[in-house]
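Chemist: In this text, residue positions in the sequence shown follow our numbering: the first is 590, and each later residue adds one.
Ideal Cβ positions, reconstructed from N, Cα and C, are used throughout, including at glycine.
Sharing a structure below in structure tokens format, with a few things to ask.
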Amino acid sequence: MATAPPVTAEDFAIPSEGLARSALRYMITPAVIALILLALFLYIQAQSLDSIEQRVITAANLTKRGYEHIGLTAASTVGVVLLAVPMGILLTRPGARRLTPVVLAAANIGQATPSIGILVLFAIVWTIGFGPAVVALVTYSFLPILRNTMVGLEGVDRSTIEAGRGMGMSKSKALLNIELPLAVPVILAGIRTALVINVGTAALA
């Protein structure tokens, strides 16, 4: 009786050519945008500018503002992930389901409020600065990650979880080894949405 050949790790390996093409495809768009921005900057520098424009539109100032934008986006995205994902996990547990309407209502209010309004509100309550801007961005982008975390976890097949529990897994192990891995694609979609929101809104901050 013939037997199937053994399966090795090489059978599942992605060819290096495929990885190279994939990396190149993802690098094309940022490279084109960078070239367009560079051409725009050089064009503006070639024009006759008044004193205010000459002081604002400089390589040093634009670089500084760019780093500030990246810092705001990164800090707010990391912050909202650290807050919204655990909150979404908590709200899918049986003991905390009664809190779901209240938390979702608060998150919906934050999402429905105009972004500039949230930024102004936090600036009035505190001051204009990096910290208040990060808190405002976290508030504005909280809902997509929270909602997707809950949807992803609730979409996991109950029979799969019960099978893990039947094999001796505790609730926490079933969450870490079954529920979260299966919900990752949906959670990542929410994180991507929040990142897009933060990139656009950070420019207003």
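#1: Sort A778, L726 and I734 by Cα distance to A673 and report the nearest one.
#2: Count the other C-beta atoms from every protein chain shown that fall within 10 angstroms of the C-beta of G720, then say buried if there are 16 or more, exposed otherwise.
#3: For V740, I'd like the list of residues in its chain whose CB is within less than 7 Å of its CB, leaving aside the five on either flank, ordered along the chain.
#4: Short check: CB of A722 to CB of A791, under 9 Å?
#5: Check this for me: beta carbons of T738 and L771, under 9 Å apart or not?
#6: Which residue marks the beginning of the alpha helix (DSSP H) containing A783, and which one marks its end?
#7: Once the 5 residues before and after T782 are set aside, which same chain residues still bring their CB inside 7 Å of it?
Modeler: Looking at the coordinates:
#1: I734
#2: exposed
#3: V775
#4: yes
#5: no
#6: L769 to A791
#7: P733
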